[in-house]
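For what it's worth, the working numbering labels the leading residue of the first sequence as 377, then goes sequentially. Glycine included, every Cβ here is placed at the ideal spot set by N, Cα and C.
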Amino acid sequence: MGEPVKRIRGVRDILPEETHLWRFMEWIVHAVMSTYGYQEIRTPAFEPTELFVRGVGLETDIVHKEMYTFTDKGGKSLTLKPELTAPVVRAYIQNHLDREAPITRLYYLDELYRQERPQKGRLRQFNQFGVEAIGSPHPEQDVEIIALAYDLCSLFVPQGLTVRLNSIGSPEQRGEYLKQLREVFQPYAADLDQLDRQRLKNNPLRLFDSKNPETQALLEQHAPLISDHISSEDRQHYEEVQAGLKALEVPFEHDPRQVRGLDYYTRTTFEITSGKLGAQDALCGGGRYDNLVQQLGGPDIPAIGFAAGVERLLLVAGESLKEKVTLRKLDVYLAVLAEEARAPALVRAQELRAAGYTVILETLRRSAKAQLREANRSEARAAVIMGEEEVKKGTCTVKRMDNGEQEEVAVDQLATHLDGILHPVPSTDK
RNA sequence: GUGGGCGUAGCUCAGCCGGUUAGAGCACCUGGUUGUGGCCCAGGAGGUCGUGGGUUCAAGUCCCAUCGCUCACCCCA
377 MGEPVKRIRG VRDILPEETH LWRFMEWIVH AVMSTYGYQE IRTPAFEPTE LFVRGVGLET
437 DIVHKEMYTF TDKGGKSLTL KPELTAPVVR AYIQNHLDRE APITRLYYLD ELYRQERPQK
497 GRLRQFNQFG VEAIGSPHPE QDVEIIALAY DLCSLFVPQG LTVRLNSIGS PEQRGEYLKQ
557 LREVFQPYAA DLDQLDRQRL KNNPLRLFDS KNPETQALLE QHAPLISDHI SSEDRQHYEE
617 VQAGLKALEV PFEHDPRQVR GLDYYTRTTF EITSGKLGAQ DALCGGGRYD NLVQQLGGPD
677 IPAIGFAAGV ERLLLVAGES LKEKVTLRKL DVYLAVLAEE ARAPALVRAQ ELRAAGYTVI
737 LETLRRSAKA QLREANRSEA RAAVIMGEEE VKKGTCTVKR MDNGEQEEVA VDQLATHLDG
797 ILHPVPSTDK
């Protein structure tokens with residue numbers, strides 16, 4: 377036989393005890409998205425590698441070291457999608473959605489792949505839902521997107537969410553800001569640890585991500601804040617976003633140190649974090665990307681979007697979600713006690729299913745005791761028992777699993793009888 | 001790629017300063033009922049102690065290596 381084949385690192389099996397939570401979450405996402413007028417888009421699992429290099433940015437870690445890239449038989453470099461904004465924008469451009477309407481509201485619920493070292497809240501294959509609103513440059517669009525993200529996350533995690541908001545302005549001003557940041561920090565370069573010295577050299581914005589308390593203290597004292605160095609238009613935009621969120625009573629905090637890892641962001645960036653999640657505390661992240669559509673060869677159209685991590689939300693929602701989501705109980709366990717009952721039992725099972733009952737049929741030829749135990753274990757509301765006698769008489773024995781009462785009924789009365797047991801007249805119990 | 005923690009039954013875990021046939025709880029199976037569940041009682045099955053090497057009279061236990069899982073760093077949802 378040989379060794380069993382094992383699951384590869386960083387991926388997960390989602391077993392029946394959990395799949396119903398996934399279905400619940402997916403259902404909610406579809407429902408809420410449609411109340412906001414967003415429509416679902418599905419893109420391929422893989423794309424030309426170039427899409428991510430151009431869209432996400434060559435300098436980012438995602439492109440740099442996390443992509444599953446392979447060469448197909450034609451020698452073309454393909455990549456399993458590590459994020460969804462670039463593919464959605466590609467699809468938007470390729471299908472000329474910009475010519476259908478001046479604004480396009482898309483959402484997705486999809487699977488991504490990144491070759492990282494797994495840890496809590498981070499897998500190599502994972503799911504995100506998110507939206508891309510392509511067309512509007514105005515702050516009310518930002519507000520709507522953030523409100524939508526907050527709405528959706530709150531439905532799963534009602535407590536302890538924080539919305540962190542920042543504006544990183546436009547690329548033109550950013551160059552100037554980075555220069556300043558570098559200059560201010562240069563004198564302290566020798567005090568930084570190796571990693572932060574690298575950051576100072578390559579991408580000083582990343583210094584804000586440092587977990588080194590000394591670096592954080594230096595930042596506190598000396599670093600200029602990016603939100604103080606944006607253009608007056610950008611500032612105006614940011615203020616209107618904040619005003620809009622206040623009007624909607626979406627709680628948020630201005631986080632001047634928030635810098636996001638993807639190259640395409642402009643102006644508004646935001647994050648929803650949980651605190652109960654360990655080191656990977658972001659449930660949701662997003663922002664405006666006014667230049668991406670053009671950068672990927674489309675028209676000059678502004679856009680904004682977000683993505684939320686399904687696994688992370690489930691991790692935080694966990695137990696409380698399990699209490700909320702109940703499974704439909706099994707109606708009937710069909711026990712077969714004699715050889716001559718096997719064929720008629722198959723027929724009964726199909727009839728009951730056609731009538732809308734959930735039915736499990738015994739196929740292991742076990743003893744009566746074992747079958748009833750199985751009925752109990754599977755939490756069936758009733759056991760329908762068919763043996764020698766019943767077949768002879770054209771009846772079935774129906775046993776209620778809650779109180780043990782049983783009664784023999786004619787085959788043509790079976791559905792009616794079950795109906796009386798399983799759907800009792802509504803009483804005070806809920 | 002780097003660092004820490006952990007690998008003993010299907011699951012959760014005991015197993016002392018190395019010492020005799022490696023344990024418990026849960027789950028599973030059988031019986032206590034000619035064809036009747038839960039609770040109880042009796043019994044049963046299930047283990048290359050992650051793997052390989054070393055030290056020793058003797059290794060689940062000590063040492064080395066290796067693989068796996070996990071948390072964290074980097075970075076992100």
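Open item on the list: Between the alpha carbons of glycine 433 and serine 754, how many angstroms are there, rounded?
Closed with: When rounded, the distance between both Cα atoms is 52 Å.
Task: Residues near leucine 798 in its chain [Cβ-Cβ closer than 8 Å; skip 5 each side] - done: Taken in chain order, the residues that qualify are Asp707, Tyr733, Arg757, Ala758.
TODO: Return the CA-CA distance between arginine 558 and leucine 576, expressed in angstroms with no decimal places.
DONE: Looking at the two C-alpha atoms, the distance is approximately 7 Å.
TODO: Leaving out five residues on either side along the sequence, give the residues of the same chain with a beta carbon under 8 Å from the beta carbon of glutamate 738.
DONE: The answer, listed in chain order, is Tyr709, Leu710, Ala711, Val712, Ala721, Gln747, Glu750.
TODO: Determine, using beta carbons only, whether leucine 691 and cysteine 529 come nearer to each other than 8 Å.
DONE: One thing to note: leucine 691 has its Cβ no nearer than 8 Å to the Cβ of cysteine 529.
Task: Residue nearest to valine 701 in terms of C-alpha spacing, selected from His396, Gln574, Thr419, Lys652 - done: The shortest Cα separation from valine 701 among His396, Gln574, Thr419, Lys652 belongs to His396.
- [ ] Could you tell me if serine 603 is buried or exposed, where buried requires 16 or more neighbouring beta carbons within 10 angstroms of its beta carbon?
- [x] Result: buried.
Task: Touching by the beta-carbon criterion (3+ pairs, under 8 Å), the stretch 523-543 and the stretch 471-481 - done: The stretch 523-543 is not in contact with the stretch 471-481.
- [ ] Going by CA-CA distance only, name the one from Ala731, Ala730, Val723, Arg718 that's closest to leucine 740.
- [x] Closest by alpha carbon: Arg718.
- [ ] Have a look at Leu689, His630, Val626, Pro675 and flag the residue whose alpha-carbon is nearest the alpha-carbon of glycine 654.
- [x] Selected option, being the one with the closest Cα: Leu689.
- [ ] Determine the direct distance from the alpha carbon of leucine 697 to that of arginine 540, and round the result to whole angstroms.
- [x] Each residue's alpha carbon lies about 25 Å from the other.
Task: Beta-carbon proximity check, aspartate 666 vs proline 678, cutoff 8 Å - done: Cβ distance < 8 Å, so aspartate 666 and proline 678 count as in contact.
Task: Unbroken alpha helix (DSSP H) run spanning valine 723, endpoints - done: 718-730 is the span of the alpha helix (DSSP H), which, as asked, contains valine 723.
TODO: Would you check if the stretch 459-475 and the stretch 431-445 touch, i.e. whether three or more CB-CB distances between them fall below 8 Å?
DONE: The stretch 431-445 vs the stretch 459-475: in contact.
- [ ] Assign tyrosine 733 to one of three DSSP states: helix, strand, or coil.
- [x] DSSP places tyrosine 733 in coil when its eight states are reduced to three.
- [ ] Helix, strand or coil for isoleucine 606, going by three-state DSSP, please let me know.
- [x] Correct three-state label for isoleucine 606: coil.
- [ ] Just list the alpha helix (DSSP H) runs in the stretch 448-517, keeping only unbroken ones of 4 residues or longer that don't cross its boundaries, in chain order.
- [x] Residue ranges of uninterrupted alpha helix (DSSP H) with 4 or more members, entirely inside the stretch 448-517 and ordered along the chain, are 461-470, 473-476.
Task: Close Cβ partners of valine 533 (< 8 Å) along its chain, the five nearest in sequence each way excluded - done: Around valine 533: Ser650, Leu659, Leu689, Val692, Ala693.
TODO: For proline 494, I'd like the list of residues in its chain whose CB is within less than 8 Å of its CB, leaving aside the five on either flank, ordered along the chain.
DONE: For proline 494, where only same-chain residues beyond five positions count, the Cβ hits under 8 Å are Arg385, Gly386, Arg500.
Open item on the list: Does lysine 806 pass the burial test, meaning 16 or more other C-beta atoms within 10 Å, or should it be called exposed?
Closed with: The pLDDT assigned to lysine 806 is 40, lower than 50, so where the model puts this residue is not dependable, and the model offers no usable value.
TODO: Tell me the start and end of each unbroken alpha helix (DSSP H) in the stretch 771-799 that is at least 4 residues and wholly inside, in chain order.
DONE: Qualifying alpha helix (DSSP H) stretches, in chain order: 790-798.
- [ ] Output yes or no for whether 8 Å exceeds the beta carbon distance between glycine 545 and histidine 630.
- [x] In this structure, glycine 545 sits away from histidine 630, with a CB-CB distance that is not shorter than 8 Å.
- [ ] Compute the minimum distance between the beta carbon of threonine 642 and the heavy atoms of the ligand FMN, and state whether it is under 7 Å.
- [x] In the structure shown, the ligand FMN is absent, as is every other ligand, since no ligand is present at all.
Open item on the list: Assuming contact is defined by CB atoms lying nearer than 8 Å, are aspartate 486 and glutamine 504 in contact in what I supplied?
Closed with: With contacts defined as CB atoms closer than 8 Å, aspartate 486 and glutamine 504 qualify as a contacting pair.
- [ ] Can you grab the Cα-Cα spacing for the pair lysine 705 / glycine 763, in whole Å?
- [x] Whole-angstrom Cα-Cα distance: 25 Å.
Open item on the list: Going by C-alpha to C-alpha distance, which of Glu784, Arg776, Lys769, Leu703 sits closest to proline 392?
Closed with: The shortest CA-to-CA distance from proline 392 to any of Glu784, Arg776, Lys769, Leu703 is the one to Leu703.
Open item on the list: I need the boundaries of the beta strand (DSSP E) containing serine 543, first residue and last residue.
Closed with: Note, serine 543: beta strand (DSSP E), 538-543.
- [ ] Identify whether tyrosine 709 lies in helix, strand or coil by the three-state DSSP scheme.
- [x] Residue state, collapsed to three classes: strand.
- [ ] List the residues that DSSP assigns as beta-bridge partners of arginine 664.
- [x] Looking at the DSSP assignment, arginine 664 forms a beta bridge with Thr642, Ile680.
- [ ] Report the partner residues of proline 424 according to the DSSP bridge assignment.
- [x] According to DSSP, proline 424 shares a beta bridge with Leu454.
- [ ] Between the Cα of lysine 441 and those of Asp474, Gln570, Lys457, Glu492, spot the shortest distance and give me the residue it belongs to.
- [x] Of Asp474, Gln570, Lys457, Glu492, the residue nearest in Cα terms is Glu492.
- [ ] Alpha carbon to alpha carbon, how far is tyrosine 641 from leucine 460? Give it in angstroms, no decimals.
- [x] Between leucine 460 and tyrosine 641, the C-alpha separation is close to 14 Å.
Open item on the list: Buried or exposed, going by whether 16 or more other CB atoms sit within 10 Å of the CB of phenylalanine 446?
Closed with: That one is exposed.
Open item on the list: Is it buried or exposed, threonine 455, if we count other Cβ atoms within 10 angstroms and call 16 or more buried?
Closed with: Buried, by the Cβ-count rule.
Open item on the list: Assuming leucine 601 and proline 632 are in contact, meaning their beta carbons sit under 8 Å apart, how far apart are those beta carbons, in whole angstroms?
Closed with: Yes, they are in contact, since the Cβ atoms of leucine 601 and proline 632 sit about 4 Å apart, within 8 Å.
Open item on the list: Need the endpoints of the beta strand (DSSP E) that isoleucine 761 sits in, please.
Closed with: That run of the beta strand (DSSP E) goes 758-762.
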